[in-house]
Amino acid sequence: AQSVTQLGSHVSVSEGALVLLRCNYSSSVPPYLFWYVQYPNQGLQLLLKYTSAATLVKGINGFEAEFKKSETSFHLTKPSAHMSDAAEYFCAVSRYSGGGADGLTFGKGTHLIIQP
Amino acid sequence: GAVVSQHPSWVICKSGTSVKIECRSLDFQATTMFWYRQFPKQSLMLMATSNEGSKATYEQGVEKDKFLINHASLTLSTLTVTSAHPEDSSFYICSARNLAVYNEQFFGPGTRLTVL
Numbered sequence: 039a040q041s042v043t044q045l046g047s048h049v050s051v052s053e054g055a056l057v058l059l060r061c062n063y064s065s066s067v068p069p070y071l072f073w074y075v076q077y078p079n080q081g082l083q084l085l086l087k088y089t090s091a092a093t094l095v096k097g098i099n100g101f102e103a104e105f106k107k108s109e110t111s112f113h114l115t116k117p118s119a120h121m122s123d124a125a126e127y128f129c130a131v132s133r134y135s136g137g138g139a140d141g142l143t144f145g146k147g148t149h150l151i152i153q154p
Numbered sequence: 674g675a676v677v678s679q680h681p682s683w684v685i686c687k688s689g690t691s692v693k694i695e696c697r698s699l700d701f702q703a704t705t706m707f708w709y710r711q712f713p714k715q716s717l718m719l720m721a722t723s724n725e726g727s728k729a730t731y732e733q734g735v736e737k738d739k740f741l742i743n744h745a746s747l748t749l750s751t752l753t754v755t756s757a758h759p760e761d762s763s764f765y766i767c768s769a770r771n772l773a774v775y776n777e778q779f780f781g782p783g784t785r786l787t788v789l
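Chains as they are written, first to last, in my numbering: chain A, 39 to 154; chain H, 674 to 789.
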């Protein structure tokens with residue numbers, strides 16, 4: 039069985055500050071991990087994914103995440119927050135090792151608030 | 674990325690009635706579609722996997738007679754909530770994939786169902 043835990047249902051940062059959204063996973067097989075962003079009234083959009091090629095993964099909009107097997111973590115970061123980053127962020131793990139096109143197990147989500 | 678739509682975006686119905694939700698892939702043929710359910714302030718839970726032309730595969734604990742899924746074409750899947758009750762009120766999200774084209778799934782914007 040696989041699971042994902044996102045620490046912090048709400049994270050607030052100032053514009054220009056570092057964004058850090060935490061995700062820890064549990065998986066009995068080498069995991070495929072994902073970060074999605076959801077803006078109001080829109081579908082989930084893939085930010086980035088880890089598929090075992092490289093531990094540091096760069097995504098869209100300046101986000102990146104580092105896979106740390108020893109810590110079972112896949113935290114999402116962005117050096118400088120922008121007002122447009124305010125949204126709901128979901129960490130997810132693929133049920134199978136086949137990649138992101140399979141049914142996903144999601145964390146509860148983290149609402150990112152950007153303070154002007 | 675590819676576009677997935679859902680209709681309606683929100684629906685209110687009386688207890689005991691049935692409600693149909695449509696999921697369409699607008700610019701690609703979706704060989705597989707997934708249906709997720711999201712409770713307030715909780716994660717998305719995979720309900721079922723729907724392959725075009727075959728019966729859907731339901732996750733453990735999901736009543737297949739209550740949540741009827743039909744994937745009759747490569748661009749359309751429907752979820753029918755039969756004899757809806759207030760506890761079925763939720764946010765239903767679909768996603769679609771075509772492994773021959775994209776190694777990821779694309780999400781619709783979701784449908785908010787409220788059962789009175």
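The beta carbon of each residue, even a glycine, is placed where N, CA and C say it ideally should be.
Short Cβ contact (8 Å threshold) for residue i with residue j
i	j	result
residue 66/A	residue 143/A	no
residue 703/H	residue 747/H	yes
residue 125/A	residue 86/A	no
residue 99/A	residue 782/H	no
residue 772/H	residue 685/H	no
residue 751/H	residue 765/H	no
residue 155/A	residue 46/A	In the structure as shown, chain A starts at 39 and stops at 154, and residue 155/A therefore has no counterpart that could be examined.
residue 177/A	residue 59/A	Outside the shown range of chain A (39 to 154) lies residue 177/A, about which nothing can therefore be said.
residue 74/A	residue 39/A	no
Distance, residue j Cα to residue i Cα
i	j	result
residue 753/H	residue 696/H	11 Å
residue 740/H	residue 755/H	6 Å
residue 108/A	residue 693/H	45 Å
residue 112/A	residue 122/A	22 Å
residue 43/A	residue 732/H	20 Å
residue 84/A	residue 742/H	25 Å
residue 680/H	residue 713/H	20 Å
residue 128/A	residue 722/H	20 Å
residue 717/H	residue 677/H	17 Å
residue 117/A	residue 53/A	11 Å
Option nearest residue i by Cα separation, candidates the options
i	options	result
residue 69/A	101/A, 118/A and 140/A	140/A
residue 707/H	776/H, 730/H and 758/H	730/H
residue 726/H	745/H, 787/H and 762/H	745/H
For the segment 68-87 of chain A, which residues have a CB atom closer than 7 Å to at least one CB atom of chain H, in sequence order?
Here the close residues are 79, 80, 81, 82 and 84.
Give, in chain order, every unbroken run of the beta strand (DSSP E) that is at least 3 residues long and sits entirely within the segment 79-139 of chain A.
If we require 3 residues or more, the beta strand (DSSP E) runs fully inside the segment 79-139 of chain A come out as 83-88, 94-96, 102-106, 111-116 and 125-132.
Write down every uninterrupted run of the beta strand (DSSP E) in the segment 683-711 of chain H whose length is 3 residues or greater and which is fully enclosed by it, in chain order.
As far as the segment 683-711 of chain H is concerned, its whole beta strand (DSSP E) runs of at least 3 residues are 683-686, 692-698 and 705-711.
Where the segment 715-737 of chain H meets chain A: residues whose CB sits under 7 Å from a CB there:
Cβ contacts with chain A: 715, 716, 717, 719 and 722.
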